[in-house]
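Participant: Can you keep this structure in mind? I'll have questions shortly.
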Amino acid sequence: MARNVSVSLFWRVCLLNGAVFVLGTLVLVLSPATISAQPLWSEVVAVSIGLLVIVVLNGLLLRSVLRPLDRLTGLMASIDLRSPGLRLDEEGSSPARPLVQGFNAMLERLEAERSASAAVALHAQEAERQRIAQELHDEVGQSLTAVLLGLKQAVGQAPPEMLEGLEEVRETARGSLEEVRRISQRLRPGVLAELGLLDSLSSLASELTARTDLRVVRGFLPGLPNLTAECELVVYRVAQEALTNVARHAEAREVHLGLTRRGGMVVLRVVDDGLGRRGATPGAGIQGMQERAQMVGGRLELRDREGGGTEVLLEVPIDPKGENGDPDPAG
Numbered sequence: 001m002a003r004n005v006s007v008s009l010f011w012r013v014c015l016l017n018g019a020v021f022v023l024g025t026l027v028l029v030l031s032p033a034t035i036s037a038q039p040l041w042s043e044v045v046a047v048s049i050g051l052l053v054i055v056v057l058n059g060l061l062l063r064s065v066l067r068p069l070d071r072l073t074g075l076m077a078s079i080d081l082r083s084p085g086l087r088l089d090e091e092g093s094s095p096a097r098p099l100v101q102g103f104n105a106m107l108e109r110l111e112a113e114r115s116a117s118a119a120v121a122l123h124a125q126e127a128e129r130q131r132i133a134q135e136l137h138d139e140v141g142q143s144l145t146a147v148l149l150g151l152k153q154a155v156g157q158a159p160p161e162m163l164e165g166l167e168e169v170r171e172t173a174r175g176s177l178e179e180v181r182r183i184s185q186r187l188r189p190g191v192l193a194e195l196g197l198l199d200s201l202s203s204l205a206s207e208l209t210a211r212t213d214l215r216v217v218r219g220f221l222p223g224l225p226n227l228t229a230e231c232e233l234v235v236y237r238v239a240q241e242a243l244t245n246v247a248r249h250a251e252a253r254e255v256h257l258g259l260t261r262r263g264g265m266v267v268l269r270v271v272d273d274g275l276g277r278r279g280a281t282p283g284a285g286i287q288g289m290q291e292r293a294q295m296v297g298g299r300l301e302l303r304d305r306e307g308g309g310t311e312v313l314l315e316v317p318i319d320p321k322g323e324n325g326d327p328d329p330a331g
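Residue numbers (full-length UniProt numbering): 1 to 331.
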């Protein structure tokens, strides 16, 4: 395709140049102007003016042909694959339209390949999280449970002077077991399959309040339609990442966690009253949220709020089955 576009532009430029020179030749032949054997200054001036007119006309015509290429180059530099759906205008790009069409087709292929790669990577990430969570639960959790049982037996048989130390060790082991369970739950949201999306989000909010002084205000619209299992997981993970970011970086006192409907989309909204992004470059967590949203045909938007704080908006499509009267598992 690139070779065809190049030949087309080549012949266009050649034809323009040829037309200009033919026109200049005809004017010279048909005009009464003549050149003496020893040119006069008036003749030199006339020929120079004619040459200047030919050069200017040729430049203007070439500019009309090549200007779309300059505009196309500038637009290409502004394309960002992390914001899919952007395309160059094909209507106003003639004679560079074949090149624009080829570039837009390339963008579509790149976005499709990037989306497929992101889906594979995220599925692999989820599988790895599941494996680690299972090992934490089965191996570390059971080992700590065995330690607790042993400590309980030791407390019952120990002399009084050792009881205080054993109780401290026992409490440390119990706290470690609870932390392992929390980590396992964060890695593998078992409550998502068992309790549904709304209760899982409520569990996230309760866990955040228990770990921090942050107040979480929940606003879930009742009777939301079904989402696919992939969309529910995306909503859960984005909410989890957004709440974690608020707890770590925002220095907020309150965060609003909401789930509503807008047309054919379910909208997750996480809003805090903290410091905002303050011009910070989005990190891997934000990029991961965006890729998750794109993987299910959704859209993620982050914006600073007036007066401080950050707002995270996620839109994911409703499962068509949820519009046919099927019961909502989240409700």
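Ideal Cβ positions, reconstructed from N, Cα and C, are used throughout, including at glycine. These numbers were taken from a predicted model, which means no experiment stands behind them.
Taking 8 Å as the cut-off, decide whether the C-beta atoms of V267 and E315 are in contact.
Facilitator: Closer than 8 Å, so yes.
Participant: Using the three-state DSSP reduction, which class does R174 fall into: helix, strand or coil?
Facilitator: R174 falls in the helix class under three-state DSSP.
Participant: Give a yes or no on whether the C-beta atoms belonging to I318 and P225 are separated by under 8 Å.
Facilitator: Yes.
Participant: Does the separation of the CB atoms of V20 and I54 fall below 8 Å?
Facilitator: Closer than 8 Å, so yes.
Participant: Please classify D138 as buried or exposed, where buried requires at least 16 other C-beta atoms within 10 Å of its C-beta.
Facilitator: D138 is exposed by the Cβ-count criterion.
Participant: Mind checking who E315 pairs with in its DSSP beta bridge?
Facilitator: The partner list for E315 (beta bridge, DSSP) reads V267, R299.
Participant: With distances taken between CB atoms, is the gap from A119 to M289 smaller than 8 Å?
Facilitator: Their beta carbons are not under 8 Å apart, which means A119 does not touch M289 by this criterion.
Participant: Quick check on the DSSP output: the beta strand (DSSP E) that includes E251 runs from which residue to which?
Facilitator: From DSSP, E251 is part of no beta strand (DSSP E); its letter is neither H nor E.
Participant: Put G74 into one of helix, strand or coil per three-state DSSP.
Facilitator: Here G74 sits in helix by DSSP.
Participant: May I have the straight-line CA-CA distance separating G297 from E251, to the nearest angstrom?
Facilitator: Going by the C-alpha atoms only, they are around 32 Å apart.
Participant: Which residue's Cα is closest to the Cα of L61: L16, V180, L51?
Facilitator: The candidate whose alpha carbon is nearest that of L61 is L16.
Participant: Roughly how many angstroms separate the alpha carbons of L204 and L257, rounded to a whole number?
Facilitator: Roughly 10 Å separates the two Cα atoms.
Participant: Could you give the DSSP three-state label for L275: helix, strand or coil?
Facilitator: Looking at L275 - three-state DSSP - the assignment turns out to be coil, as it is neither helix nor strand.
Participant: Based on DSSP bridge pairs, tell me the residues matched to F103.
Facilitator: F103 pairs with nothing; no bridge assigned.
Participant: Mapping the DSSP letters down to three states, classify L259 as helix, strand or coil.
Facilitator: Correct three-state label for L259: strand.
Participant: Take R299 and list the residues in its own chain whose beta-carbon comes closer than 7 Å to its own, dropping the five residues that flank it on each side.
Facilitator: So the qualifying residues of the chain are A293, E315.
Participant: Rounded to a whole number of angstroms, what is the C-alpha to C-alpha distance between S184 and V155?
Facilitator: Roughly 29 Å separates the two Cα atoms.
Participant: Who are the Cβ neighbours of S202 in its own chain at under 7 Å, not counting the five residues just before and after it?
Facilitator: So the list reads R218, once near-sequence residues are dropped.
Participant: How close, in whole Å, do the beta carbons of V271 and R305 come, if the pair is a contact with beta carbons under 8 Å?
Facilitator: Indeed, because the Cβ distance is near 7 Å, the residues count as touching under 8 Å.
Participant: Can you look up D304 in the DSSP assignment and give me helix, strand or coil?
Facilitator: In the structure shown, D304 sits in a strand (DSSP, three-state: E or B).
Participant: Determine, using beta carbons only, whether E90 and R97 come nearer to each other than 8 Å.
Facilitator: Result yes, Cβ atoms of E90 and R97 sit closer than 8 Å.
Participant: Which value, in whole angstroms, describes the spacing of the CA atoms of G74 and I286?
Facilitator: Cα to Cα, G74 sits roughly 27 Å from I286.
Participant: Kindly identify the DSSP beta-bridge partner or partners of F220.
Facilitator: In DSSP, F220 forms a bridge with L259.
Participant: Just how far apart, CA to CA, sit A242 and T228?
Facilitator: Using only the alpha carbons, I get a separation of about 21 Å.
Participant: Between the alpha carbons of residue 342 and A112, how many angstroms are there, rounded?
Facilitator: Nothing in the structure corresponds to residue 342, since the chain is present only between 1 and 331.
Participant: If you measure between the beta carbons of R248 and R215, is that distance less than 8 Å?
Facilitator: No, the Cβ-Cβ distance between R248 and R215 is not below 8 Å.
Participant: Do V140 and V180 have their C-beta atoms within less than 8 Å of each other?
Facilitator: Cβ atoms of V140 and V180: closer than 8 Å.
Participant: Would you say L99 and L72 are within 8 Å of each other, going by their C-beta atoms?
Facilitator: In this structure, L72 lies closer than 8 Å to L99 by Cβ.
Participant: Can you check whether the CB of G274 is closer than 8 Å to the CB of G246?
Facilitator: The residue you asked about is not Gly; residue 246 is Val in the sequence shown. Contact flag set, yes.
Participant: Helix or strand or just coil, what does DSSP make of T310?
Facilitator: T310 falls in the strand class under three-state DSSP.
Participant: Among the candidates G263, G102, M76, V312, whose CA atom is the shortest distance from the CA of V238?
Facilitator: The shortest C-alpha separation from V238 is found at V312.
Participant: Beta-carbon separation of A121 and L144 under 8 Å?
Facilitator: The answer is no: Cβ separation not under 8 Å.
Participant: Work out the CA separation of R63 and L88 for me, nearest whole Å.
Facilitator: The alpha-carbon atoms of L88 and R63 are separated by roughly 20 Å.
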